[in-house]
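K.L.:
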Amino acid sequence: MASEASSIRTIAIVGQGGVGKTSVADAIVFDAGANSRLGRVDDESSV
1 MASEASSIRT IAIVGQGGVG KTSVADAIVF DAGANSRLGR VDDESSV
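If you count the sequence shown from 1, position 25 lands on 25 in full-length UniProt numbering, and the numbers rise without skipping.
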């Protein structure tokens, strides 16, 4: 998948351990349509 450099966006999700960073990242990926289901950390199905 080729992308124009001007259309690439980089984000950082930072915080202490156990505050939900992975859950937020999974929700963003799911909402963007890049994954067909919402992952869960407890099920080890997160992105």
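Where a beta carbon is used, it is the ideal one built from N, C-alpha and C, also for glycine.
Mind checking residue 43: buried by the 16 CB within 10 Å criterion, or exposed?
P.N.:
Exposed is the call here.
K.L.:
Apart from the five residues just before and just after residue 22, which ones in its own chain have a Cβ nearer than 7 Å to its Cβ?
P.N.:
The answer, listed in chain order, is 41, 46.
K.L.:
Residue 31 lies in the alpha helix (DSSP H); which residues open and close that run?
P.N.:
Start and end: 21-31.
K.L.:
Quick check on residue 26: buried or exposed, where buried means 16 or more other Cβ atoms within 10 Å of its Cβ?
P.N.:
With 16 or more Cβ atoms within 10 Å of its Cβ, residue 26 is classed as buried.
K.L.:
Which residue wins for smallest C-alpha separation from residue 11, given the options 4, 24, 39, 35?
P.N.:
The shortest C-alpha separation from residue 11 is found at 24.
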